[in-house]
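Protein chains: 2
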Amino acid sequence: MAEKDHALLPSEPNVICLAGGVGGAKLADGLAQILPPEQLTIIVNTGDDFKHLGLTVCPDLDTVMYTVGGVANTQTGWGREGESWITIGEIERLGGPAWFGLGDLDLATHLLRSSLLAEGRNLTVVTQHLCRQYGIETAVLPMSNQPAPTHIITAEGSLPFQEWFVKERWQPVVRSVQFPENVIASAQVTRALETADIVLIAPSNPFVSIDPILNVYPIREMLMDLPRAVVAVSPIVGGKALKGPAAKMMAEMDMPVTATAVAGYYGQLIDGFVIDNQDEAQAADMDCFTLVTDTIMGSREDRVRLARETLDLAVRIAAAGENG
Amino acid sequence: MAEKDHALLPSEPNVICLAGGVGGAKLADGLAQILPPEQLTIIVNTGDDFKHLGLTVCPDLDTVMYTVGGVANTQTGWGREGESWITIGEIERLGGPAWFGLGDLDLATHLLRSSLLAEGRNLTVVTQHLCRQYGIETAVLPMSNQPAPTHIITAEGSLPFQEWFVKERWQPVVRSVQFPENVIASAQVTRALETADIVLIAPSNPFVSIDPILNVYPIREMLMDLPRAVVAVSPIVGGKALKGPAAKMMAEMDMPVTATAVAGYYGQLIDGFVIDNQDEAQAADMDCFTLVTDTIMGSREDRVRLARETLDLAVRIAAAGENG
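Those sequence lines, one after another, are chains A and B.
Residue numbering for the first sequence follows this note's numbering, beginning at 1 and increasing consecutively.
Residue numbering for the second sequence follows this note's numbering, beginning at 1001 and increasing consecutively.
In structure tokens form, the structure reads like this:
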């Protein structure tokens, strides 16, 4: 956190949450349950969006939408509760691509989104429309209206994100992650950042969920300057990722698989870091404010508790800034 | 039928069937059951194709494909047997358009077709691919690779075909039917017509199923000159259409609702006409060869019987031409 003006933190601070998929969606849901809609904006990674069967599929946006909307599959963490797979089964029978699991309920979202986009609306407006249908009042914003496809540079060559993540089950060894240049944030994202008091980085994958957001101009720049506190929650617990390839990627990119390494990776961007009780010993190594707590969000109550604790840390940091 | 050279009709004549939706699909299925694939080409109306939810939907092609492929819903005559409606129900719940019934199995066809078209393949190739998946060896050809949307000019203005047919349940009074200009047949359609000995016009709606095909250049011109016999099956039985708006349209366009009027409408194009037993009295009024039989295709056996009888009439007409 750079020098800030020391006006008092408002009693109802504006909060932004940067989120990727499952873990990000859970923290975002916790925040949506404790903050009124006008105080919270969720900015979501769209680097793993892709075209499939002619449809625009936005996996992280949908995971956030379904989770905050209370219709997510709580077993898988992604997709819809009570999902069925009739259409994709028939597509497979017809010799079409079935490697990406599109459920019948989920398909409704993709069809509606794709047709609204085809009519000329941008992704922000379309997402707002869909969120309203799912009963979500909190602003859920794609990081950009431009496509910003993430590519994974593997030992076997460059792969579009979903081909690496789903088709290859994130097995090819990762050398680096590549983001497109010249992607610009939407007006709604920029406006939210301009008035943000606190930014929380959800326990999403730093390399393929959070970095794609930070790479969108001028999100990283605004995050360095504007909010009074930026606090991240560690996606690494006890040397493992709760879900997905974060730990495997860290090992392959020659990083220690620790919460400390994640904090170090975020570096000057963050003012505070939330780590799990299992990693309590690492708190002393951190260069920023820390909170040690239970970061595993098994239940919806866990999401609310972690959201509240993370928010409280950020508020304390912001208040300390006022006094510093 | 214009003057033809009087070479002998081959013992294995090349047969073309022009077909629209339900009635056309049934006769086409009957023909496909009695003729080897190399002797039969089914040319299908695509004038009622439309874009819906971003997908390219081809109702008549699909009805023919599902019927000949043995997976059609025998209750409705359109759509798939054992269909479910999960996605479209969710689209409706999300405030999207649900007036066109896209079943979950049916959606697989539309998604696969749309994505193959988006990859740059033409509708003929895509249809061939889908037919193969449905186990169909007979050539099922869209009349053209170009979009050729039919419009219905109603007392209330011009409507795209599906909006009139499905959304408005064909209730607005029809003044005329409008086809786009400059639509050209595919190479496969032209090639099939060049070598056709017999053309059968299925008992489809003359105005919105058969006319769109005849309007595609140079199908009408080739039909007037090339085949040895063109035989149509009346879609009007006992003053009514078995299905759909043909009878209503005839009344609204000031035509008598009779089989005779349909034969008169096809005029010089046809050499023979098949009418139902109920309309036997009209046979004397016809200007062409006639066959009076049971034209109602209730069972799959009925389809085969009517296909055989219609084909036999065409063969007799062609043979008479040789001797004439």
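Glycine included, each C-beta is placed from N, C-alpha and C at the ideal position.
Does chain B have any CB closer than 8 Å to the CB of residue i?
| i | result |
| --- | --- |
| D62(A) | no |
| V15(A) | no |
| L53(A) | yes |
| I91(A) | yes |
| Q39(A) | no |
| A72(A) | no |
| A307(A) | no |
| Q162(A) | no |
| L107(A) | yes |
| Q133(A) | yes |
| S115(A) | yes |
| S204(A) | no |
| S84(A) | yes |
Could you confirm whether any beta carbon from chain A is found closer than 8 Å to the beta carbon of residue i?
| i | result |
| --- | --- |
| E1194(B) | no |
| H1006(B) | The predicted position of H1006(B) is uncertain, since its pLDDT is 49 and thus under 50; a value taken from the coordinates is nonetheless stated next. It does not: the Cβ of H1006(B) has no partner Cβ on chain A nearer than 8 Å. |
| L1112(B) | yes |
| Q1128(B) | no |
| T1087(B) | yes |
| D1104(B) | yes |
| G1095(B) | yes |
| A1118(B) | yes |
Tell me which residues share the same chain as residue i and place their Cβ nearer than 6 Å to its Cβ, disregarding the 5 neighbours each side in the sequence.
| i | result |
| --- | --- |
| G1047(B) | A1148, T1150, P1212 |
| L998(B) | Limits of chain B in this structure are 1001 at one end and 1324 at the other, which puts residue 998(B) out of reach. |
| V1166(B) | F1100 |
| A1318(B) | L1009, R1228, A1229 |
| D1285(B) | T1260 |
When DSSP labels each residue in this structure, what does residue i get in the three-state scheme?
| i | result |
| --- | --- |
| I1034(B) | helix |
| Y66(A) | helix |
| A1019(B) | strand |
| Y1134(B) | coil |
| I86(A) | helix |
| V1230(B) | strand |
| V174(A) | strand |
| V1262(B) | helix |
| V257(A) | coil |
| T1310(B) | helix |
| V1044(B) | strand |
| K26(A) | helix |
| A98(A) | coil |
| M1295(B) | Note on identity: in this sequence residue 1295(B) is Thr, with Met being the wrong assignment. Three-state DSSP puts T1295(B) in coil, outside helix and strand. |
| F179(A) | coil |
| G1267(B) | helix |
Indicate whether residue i and residue j have their beta-carbon atoms separated by less than 8 Å.
| i | j | result |
| --- | --- | --- |
| P1227(B) | S1204(B) | no |
| V233(A) | T295(A) | yes |
| S209(A) | S144(A) | no |
| G1069(B) | G1021(B) | no |
| I1042(B) | V1064(B) | yes |
| V1237(B) | D1276(B) | yes |
| Q178(A) | F50(A) | no |
| T258(A) | G239(A) | yes |
| D60(A) | N45(A) | yes |
| G1054(B) | S115(A) | yes |
| L1040(B) | I1201(B) | no |
| E1083(B) | G1096(B) | no |
| G24(A) | L242(A) | no |
| L1107(B) | T1087(B) | yes |
Ordered along the chain, which non-local residues of its own chain (more than five positions away) have a Cβ less than 8 Å from that of residue i?
| i | result |
| --- | --- |
| E1309(B) | V1274, L1291, T1293 |
| V216(A) | M143, S144, A148, V183, I184, A185, V189 |
| D120(A) | According to the sequence displayed, residue 120(A) carries Gly and not Asp. Here the set comprises nothing. |
| V304(A) | G30, Q33, I34 |
| L1223(B) | L1193, V1199, L1214, V1230, L1269 |
Going by other Cβ atoms of all chains shown within 10 Å of its Cβ, with 16 needed for buried, is residue i buried or exposed?
| i | result |
| --- | --- |
| K1026(B) | buried |
| E1137(B) | exposed |
| K1080(B) | The sequence given here places Arg at residue 1080(B); Lys does not occur at that position. Buried, by the Cβ-count rule. |
| R113(A) | buried |
| M194(A) | Looking at the sequence itself, residue 194(A) is Glu, so the reference to Met does not match. Answer is exposed; the Cβ neighbour count stays below 16. |
| E90(A) | buried |
| Q75(A) | exposed |
| D312(A) | exposed |
| P36(A) | exposed |
In chain order, what residues of the same chain have a beta carbon less than 7 Å from the beta carbon of residue i, not counting five sequence neighbours either side?
| i | result |
| --- | --- |
| E156(A) | P172 |
| C1131(B) | M1065, V1140 |
Nearer than 7 Å: is that true of the beta carbon of residue i relative to any heavy atom of the ligand ADP?
| i | result |
| --- | --- |
| R228(A) | Although the ligand ADP was asked about, the structure shown includes no ligands whatsoever. |
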